[in-house]
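Colleague: Sequence lines, in order, name chains A and B.
Here my numbering runs 648 ahead of the position in the first sequence, where the first position is 1.
Here my numbering runs 648 ahead of the position in the second sequence, where the first position is 1.
All C-beta atoms, glycine included, are put in the ideal place defined by N, C-alpha and C.
Being a predicted model, the structure only gives us computed values, none of them experimental.
Number of protein chains: 2
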Amino acid sequence: MGRRPSRDRSTIGDVAAQAGVSRATVSRVMNGLATVDPRIAARVRATAVELDYRPNQVARSLALGRTQTIGYVVPDLTNPSFHGGLRGLSRAAAGQGYRVLVADSAEQAEDEPLLALETRRRCDAVVLVAPRMADEELARLLPDLQPAVLLNRRIEGAGLPQLDVDWASGIRDLVRHLTGLGHRRIAYLQGPVASRSNSARERALDAAADVEVVKIACGAMFHDGHAAAGQVLDAGVTAVVAFNDVTALGLLGALHELGTDVPGELSVVGFDDIPFAAYTWPPLTTAWVPQEQMGRLAWERLSALLTPTDTVDVLVPTPPVSSGPEAATLGDRPTSEQVLMRPRLVVRGSTGRAPNRS
Amino acid sequence: MGRRPSRDRSTIGDVAAQAGVSRATVSRVMNGLATVDPRIAARVRATAVELDYRPNQVARSLALGRTQTIGYVVPDLTNPSFHGGLRGLSRAAAGQGYRVLVADSAEQAEDEPLLALETRRRCDAVVLVAPRMADEELARLLPDLQPAVLLNRRIEGAGLPQLDVDWASGIRDLVRHLTGLGHRRIAYLQGPVASRSNSARERALDAAADVEVVKIACGAMFHDGHAAAGQVLDAGVTAVVAFNDVTALGLLGALHELGTDVPGELSVVGFDDIPFAAYTWPPLTTAWVPQEQMGRLAWERLSALLTPTDTVDVLVPTPPVSSGPEAATLGDRPTSEQVLMRPRLVVRGSTGRAPNRS
DNA sequence: TTGTAAGCGTTATCAA
DNA sequence: TTGATAACGCTTACAA
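1) Is V706 (chain A) close to chain B, meaning its C-beta is less than 8 Å from at least one C-beta of that chain?
2) Just to confirm, is the Cβ distance from N721 (chain B) to V777 (chain B) under 8 Å?
3) Do R657 (chain A) and R702 (chain A) come within 8 Å of each other at the CB atom, strictly closer than that value?
4) Is the CB-CB distance between P613 (chain A) and L945 (chain A) below 8 Å?
5) Looking at the structure shown, is T933 (chain A) part of a helix, part of a strand, or coil, going by DSSP?
6) Using the C-alpha atoms, what's the distance from I803 (chain A) back to A787 (chain A)?
7) Scan the stretch 787 to 812 of chain B and note each continuous alpha helix (DSSP H) run of 4 residues or more that stays entirely inside, going in chain order.
8) Hey, is A754 (chain B)'s beta-carbon within less than 8 Å of any beta-carbon in chain A?
9) Name the chain B residues whose beta carbon is nearer than 7 Å to that of P923 (chain A)?
10) Please state if the CB of V910 (chain B) and the CB of F933 (chain B) are separated by a distance shorter than 8 Å.
11) Given 7 Å as the limit, tell me if F919 (chain B) has its C-beta closer than that to any heavy atom belonging to the ligand MG.
12) Roughly how many angstroms lie between the CA atoms of V706 (chain A) and E766 (chain B), to the nearest whole one?
13) List the endpoints of the continuous alpha helix (DSSP H) containing A876 (chain B).
14) Mind checking V839 (chain A): buried by the 16 CB within 10 Å criterion, or exposed?
15) According to DSSP, which residues form a beta bridge with E1009 (chain A)?
16) Taking 8 Å as the threshold (beta carbon to beta carbon), is V750 (chain A) in contact with chain B?
17) Would you mind working out which of B:A740, B:A682, B:A902 sits nearest Q941 (chain B), comparing C-alpha positions?
18) Would you mind reading off the limits of the alpha helix (DSSP H) that contains L737 (chain B)?
19) Taking C-beta to C-beta, are V859 (chain B) and I834 (chain B) nearer than 8 Å?
20) Taking C-beta pairs closer than 9 Å, name the residues in chain B that T717 (chain A) reaches, listed in chain order.
21) So P779 (chain A) and R801 (chain A) are supposed to be a Cβ contact under 8 Å. How far apart are they, rounded?
22) When you check each C-beta in the stretch 902 to 933 of chain B against every C-beta of chain A, which residues fall closer than 9 Å?
23) Would you mind working out which of B:L789, B:Q939, B:V880 sits nearest V861 (chain B), comparing C-alpha positions?
24) Over what stretch of residues does the beta strand (DSSP E) that includes M989 (chain B) continue unbroken?
25) Using a Cβ-Cβ cut-off of 8 Å, state whether T895 (chain B) counts as contacting chain A.
26) At the level of alpha carbons, what is the spacing between A690 (chain A) and L790 (chain B)?
27) Which ranges would you report for the alpha helix (DSSP H) in the stretch 681 to 739 of chain A if only whole runs of at least 4 residues count?
28) Give a yes or no on whether the minimum CB-CB distance between T659 (chain B) and chain A is below 8 Å.
29) CA-CA distance, P923 (chain A) and G873 (chain B)?
30) Just to check my reading of the structure: L1011 (chain A) and G943 (chain A) have Cβ atoms closer than 8 Å, yes? What is that Cβ distance to the nearest angstrom?
31) Going by alpha carbons, who is nearest to G745 (chain A) out of B:A682, B:P938, B:L837, B:L762?
32) So is R770 (chain B) buried or exposed if we call it buried at 16+ other beta carbons inside 10 Å?
33) So is S670 (chain A) in contact with chain B if we call contact Cβ pairs under 8 Å?
34) Under 8 Å between C-beta atoms, does L881 (chain B) make it to chain A?
35) Between S951 (chain A) and chain B, is any beta-carbon pair separated by less than 8 Å?
36) Using the Cβ count rule (16 or more neighbours within 10 Å means buried), how would you classify T695 (chain A)?
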């Protein structure tokens, strides 16, 4: 009587025996296959309820050859800039009965490859966010991860979809905004040294005209931005481009403590447009990145890879880069395309005209 | 009959054949069992590398009867207050080879039970964070979820570990801090109506002496706090207790926009002590909640439940129940104990003496 | 020390 | 429409 302890749940065999049918029939009923006599189906369903039967997902996965789970591997789930992608991915995947298994390497870049591999072995596919992994390591890893999508980064010759942000475009917009306000000497708070998107930002800054850029070593966390305030003030600049919103807000906090007027004395911009950026004081000028849309897109690519429409997935070389309005599709081979998402400048209160310096 | 996964991974059988041994031996080698001839072991390992063999985790899980995965079910991963628990849980679980599968119900409270069940079926256990689920529904759900741990909430008569926060104690500390500063009429920004921890906070406020409390309907997100600013100013109070840090910061943003001086005209406190809270202007006075420690604790309880009872005493001694300033234990049965974590008042710049009102 | 074989709980093929 | 039965890939008594 009563429910069986969870240690030994009833199996499809129990239901079959109790209902006086075969396991195959129970399976058909549970999966809604129409080829079952309605009266038998009803009886099976009743017994299933009676025995509190739930199909074992692991056994199911083994038999089906798929887990209905996809992995999202991320360096730090705490970072708000990764939330959008996860959200978009989860929502889209849920629509087709897929779950997302989040794996967080807790910023231990060195065990990211292993983490990704392990995650992959439990899932049907993987979305990899690995901003700091070395190119060679990434290239070595990716073949073993497929089907997979690379998010927020791209790499040449890795036959898989890559959804990247046009970091340079975002930086250019921000810098243009600042130069338009008369800023001629600005500081850049560098992200983690190994970060590819930081390199992309720096290259864009190096190419910027009409403005002198002072680079300051920083990081990706609140306290990094906070700690950089002194150097920023010493740099004799009128504006700061922070690696991302988080460091921008850390900096903003420190500037308040030091009594610096933002944007009166110093303008500050971030990158990402995390939700909080709109609620700080002053609200943060930044570059919005369509992460949620990218998460959705990641699912679409994955979904295509998981659906055995055509079996000829030979590794194809990555096509050349081009550009476009919001999203530009590069190349024509669906299994290895690069998509570049362009950020959008969001002007808020943390930027203003450059002060007159005497 | 199951079919081979899309990628033709080599199986244990392939390795066995190629190495000229049985699958059992390969299994033993892969699991580091010492009872294998070193030379054979070496040969097997070489073949495994050669064939690029990786054990199929799903098959392994089925055979072992465990997935080495535990689920973390949260209403909204975007909310920073859930990050600490996840972090503590992941770190602790990783130490014993367990992964955490995060499932986010995206605030759709109505499908939380189903989500939790589905997650549980893919995992060996579950940590449930469900602040808004009705008691009856929760009571109905929990038996089917075991082994499980309830986080940030407790419920009577549910034979499982419950790690809760002493919300009332946190509120009392905050209120005492405010009354100590001369505040006699304060506003409370209510959390989601269904939230149990909101009810706990309200009860503590109702019981507070020396202070009049004006309750204002709000929510749990930035924009909720932001939108409540008007009502707060109309309420004729000198201080505000927000449901959590997120709403407190939303409110702070709005107050800045409206030119209200914090804490000169109005003091503001939050709850949780999310990382942001230290970097706003003014930095937020709040009640720190030891979420990371709670995550670790959740793992310890789960770990005990997952380890066969008879070996627990020998192999994994259950950590002594902590009591005292930080944690107080209610109840005595190890599988159903309630642990209450006490928040700690963190005084920062957002609170000050009540203004003189004439 | 190694191998044989029986599971683990499903699904899918194929014959009845 | 239904039921045997053979997978799925791995682990683990039990034998040898």
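Modeller: If we stick to the structure as given:
1) Taking the first residue of the first sequence as position 1, residue 706 (chain A) is located at position 58. Cβ-Cβ to chain B under 8 Å: yes for V706 (chain A).
2) Translated into positions along the second sequence, residue 721 (chain B) becomes position 73. Translated into positions along the second sequence, residue 777 (chain B) becomes position 129. One detail in the question is off: residue 721 (chain B) reads as Val in this sequence, not Asn. Cβ distance < 8 Å, so V721 (chain B) and V777 (chain B) count as in contact.
3) Translated into positions along the first sequence, residue 702 (chain A) becomes position 54. Translated into positions along the first sequence, residue 657 (chain A) becomes position 9. Cβ distance < 8 Å, so R702 (chain A) and R657 (chain A) count as in contact.
4) There is no way to answer for residue 613 (chain A), as the model of chain A reaches only from 649 to 1006.
5) Start at 1 with the first residue of the first sequence, and residue 933 (chain A) comes out as number 285. DSSP places T933 (chain A) in strand when its eight states are reduced to three.
6) Taking the first residue of the first sequence as position 1, residue 787 (chain A) is located at position 139. Taking the first residue of the first sequence as position 1, residue 803 (chain A) is located at position 155. Using only the alpha carbons, I get a separation of about 8 Å.
7) none
8) By 1-based counting over the second sequence, the position of residue 754 (chain B) is 106. Cβ-Cβ to chain A under 8 Å: yes for A754 (chain B).
9) Here the question's residue 923 (chain A) lines up with position 275 in the first sequence. Going along chain B in sequence order, the residues near P923 (chain A) (Cβ under 7 Å) are F870.
10) Start at 1 with the first residue of the second sequence, and residue 933 (chain B) comes out as number 285. Start at 1 with the first residue of the second sequence, and residue 910 (chain B) comes out as number 262. Before going further, note that residue 933 (chain B) is Thr rather than Phe in the sequence given. Cβ distance not < 8 Å, so T933 (chain B) and V910 (chain B) don't count as in contact.
11) Because no ligand of any kind appears in the structure shown, any question about the ligand MG cannot be addressed here.
12) In the first sequence, the residue the question calls residue 706 (chain A) occupies position 58. In the second sequence, the residue the question calls residue 766 (chain B) occupies position 118. Rounded to whole angstroms, V706 (chain A) to E766 (chain B) spans 12 Å at the Cα level.
13) Residue numbering aside, residue 876 (chain B) sits at position 228 when the second sequence is read from its first letter. Careful: A876 (chain B) lies outside any alpha helix (DSSP H) and carries neither H nor E.
14) Looking up residue 839 (chain A) in the first sequence gives position 191. Strictly speaking, residue 839 (chain A) in this sequence is Gly, with Val absent from that position. Flag for G839 (chain A) reads buried.
15) The structure shown does not extend to residue 1009 (chain A), since chain A is modelled only from 649 through 1006, so no value can be given for it.
16) The count along the first sequence starts at 1 and reaches residue 750 (chain A) at position 102. At a cut-off of 8 Å between beta-carbon atoms, V750 (chain A) makes contact with chain B.
17) Numbered from its first residue, the second sequence carries residue 941 (chain B) at position 293. It is B:A740 whose Cα lies nearest to the Cα of Q941 (chain B).
18) Start at 1 with the first residue of the second sequence, and residue 737 (chain B) comes out as number 89. Looking at the DSSP string, the run of the alpha helix (DSSP H) that includes L737 (chain B) is 731 to 742.
19) To locate residue 859 (chain B), count along the second sequence from 1; it is residue 211. To locate residue 834 (chain B), count along the second sequence from 1; it is residue 186. Remark: C-beta atoms of V859 (chain B) and I834 (chain B) approach each other more closely than 8 Å.
20) Against the first sequence, residue 717 (chain A) aligns to sequence position 69. Under the 9 Å cutoff, chain B gives L749, R770.
21) On the first sequence, residue 779 (chain A) is found 131 positions in, with the first residue counted as 1. On the first sequence, residue 801 (chain A) is found 153 positions in, with the first residue counted as 1. About 6 Å separates the two Cβ atoms, so the contact holds.
22) A902, L903, H904, E905, P923, F924, A926, Y927, T928, W929, P930, P931
23) Indexing the second sequence from 1 puts residue 861 (chain B) at position 213. That would be B:V880, whose Cα lies nearest to the Cα of V861 (chain B).
24) Your numbering for residue 989 (chain B) matches position 341 in the second sequence. Per DSSP, the unbroken beta strand (DSSP E) holding M989 (chain B) starts and ends at 986 to 989.
25) Here residue 895 (chain B) corresponds to residue number 247 of the second sequence, with the count starting at 1. Output row for T895 (chain B): interface = no.
26) Counting from 1 along the first sequence, the entry for residue 690 (chain A) is found at position 42. Counting from 1 along the second sequence, the entry for residue 790 (chain B) is found at position 142. Counting only the Cα atoms, L790 (chain B) lies some 28 Å from A690 (chain A).
27) 686 to 698, 705 to 712
28) Residue mapping note: residue 659 (chain B) aligns to position 11 of the second sequence, counting from 1. In terms of beta-carbon proximity, T659 (chain B) stays away from the interface with chain A, with every pair separated by 8 Å or more.
29) Indexing the first sequence from 1 puts residue 923 (chain A) at position 275. Indexing the second sequence from 1 puts residue 873 (chain B) at position 225. In this structure, the alpha-carbon of P923 (chain A) lies about 13 Å from that of G873 (chain B).
30) Here chain A has residues from 649 to 1006 only, and residue 1011 (chain A) is not among them.
31) Taking the first residue of the first sequence as position 1, residue 745 (chain A) is located at position 97. Closest by alpha carbon: B:L762.
32) Walking along the second sequence from the start, residue 770 (chain B) turns up at place 122. Looking at its Cβ environment, which holds 16 or more other Cβ atoms inside 10 Å, R770 (chain B) is buried.
33) On the first sequence, position 22 is the one that residue 670 (chain A) refers to. Output row for S670 (chain A): interface = no.
34) For the purposes of this step, residue 881 (chain B) is taken as residue 233 along the second sequence, with counting starting at 1. With 8 Å as the cut-off, L881 (chain B) does not count as an interface residue toward chain A.
35) Position 303 of the first sequence holds residue 951 (chain A). Not one chain B Cβ lies under 8 Å of S951 (chain A).
36) One-based indexing of the first sequence puts residue 695 (chain A) at position 47. So T695 (chain A) ends up on the buried side.
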